[in-house]
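In this note's numbering, the protein residues as written are 8 to 325.
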Ligand code: G4P
């Protein structure tokens, strides 16, 4: 597969972020709960060195609750404050505000010792395109103060949103481009819609997804596309795509399966959460404590994390 970025946009966004990060006390990093590793750009660690940091896993409403709980623990074990959210709602605002206070307490103490009182803390939201930065800022700021949409690279004049007397948020999020030297990372980003679809072969991508789903979420696949037939999985993914096209009557004139429409269906169903709540990754295997097996196996074992997350829907509930 071929990937392509726009070097002009990247350089400009990065420069802006480097400038702005110097102005803030706190970085709120966003990552997509369906691909928590692939949607993090490791440069953030260097860029935000010496800043307080909170990790917000967005789109938890679309992700597998058991895996979200596993990832949350994985990141918390690194000493980070982590919240899994549906960024379109305000459910987690209180929790994140409490995190902000905690993350910045050292800074407040320092200010106090130096006789500085009443200076609001400043925060900045960062993440890769489409991770939900504008949506999160809108919800967190409690008003439509940031532009949302599907266009990476939209920039506006620098403005601070005063959330309360203690906290100001930069209304322009920091954009980091994803890194995908690793083929699988590129696939994950394309599957979730983080990188432009037209750059990728839809059919190739849908076969990758079907491969993954057969391996890790076979029952979601059969429930969705063949509740009556109960396919015998795993099978060759191209054969499965044919079966899906036939089951959904996506046929060309002459009765041949319409692979293009079937591929689009499979991808759209996944992206919109219609196939089920799915996470494409598990924490790195070099971390034996948190690395999970297949989510279905974890559910069957009834792991504490899975049960807890299932009870809360995987997102923070206040
Ligand atoms: P960005 O600033 O990081 O580029 O992302 P933005 O907020 O524009 O969000 C990108 C898309 O992701 C938006 O959808 C937004 O609604 C959706 N989104 C953001 N956070 C969440 C979340 O936690 N859960 C879910 N389910 N979706 C989320 P869109 O297709 O551009 O617009 P629309 O269909 O919502 O109108």
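Each residue gets a CB set at the ideal place from its N, CA and C atoms; glycine is no exception.
#1: Considering only the alpha carbon of each residue, which of 184, 108, 276 lies closest to residue 129?
#2: Can you grab the Cα-Cα spacing for the pair residue 70 / residue 122, in whole Å?
#3: Identify whether residue 264 lies in helix, strand or coil by the three-state DSSP scheme.
#4: Would residue 180 and residue 133 be called neighbours here (beta carbons separated by less than 9 Å)?
#5: Classify residue 120 as buried or exposed, calling it buried when 16 or more other Cβ atoms lie within 10 Å of its own Cβ.
#6: Note the first and the last residue of the continuous alpha helix (DSSP H) segment covering residue 195.
#7: Would residue 131 be called buried (16 or more neighbouring beta carbons within 10 Å of its own) or exposed?
#8: Helix or strand or just coil, what does DSSP make of residue 285?
#9: Count the other CB atoms within 10 Å of the CB of residue 124; is the residue buried (16 or more) or exposed (fewer)?
#10: For ligand 1, any of its heavy atoms closer than 8 Å to the Cβ of residue 37?
#11: In the DSSP assignment, the beta strand (DSSP E) including residue 40 goes from what residue to what residue?
#12: On the premise that residue 273 lies in contact with residue 227, defined as a C-beta separation below 8 Å, what is that separation, rounded to the nearest angstrom?
#13: Decide yes or no for the touch test of the region 54-70 against the region 29-36: beta carbon pairs closer than 8 Å, at least 3 of them.
#14: Would you check whether ligand 1 has a heavy atom nearer than 8 Å to the C-beta of residue 284?
So, to answer that:
#1: Residue 129 has its Cα closest to that of 108, out of 184, 108, 276.
#2: Rounded to whole angstroms, residue 70 to residue 122 spans 46 Å at the Cα level.
#3: Reduced to three states, the DSSP call for residue 264 is strand.
#4: For the 9 Å CB-CB criterion, residue 180 and residue 133 form a contact.
#5: Classification for residue 120: exposed.
#6: First-last of the alpha helix (DSSP H) with residue 195: 190-198.
#7: Answer is buried; the Cβ neighbour count reaches 16.
#8: In the three-state DSSP reduction, residue 285 falls in the coil class, being neither helix nor strand.
#9: Flag for residue 124 reads exposed.
#10: Yes, Cβ of residue 37 sits closer than 8 Å to a heavy atom of ligand 1.
#11: Residue 40 -> no beta strand (DSSP E), and no H or E assigned at all.
#12: Their Cβ separation, rounded to whole angstroms, is 12 Å, which puts residue 227 and residue 273 out of contact at 8 Å.
#13: Yes, since at least three Cβ pairs between the region 54-70 and the region 29-36 fall closer than 8 Å, the two stretches touch.
#14: No - ligand 1 has no heavy atom lying nearer than 8 Å to the Cβ of residue 284.
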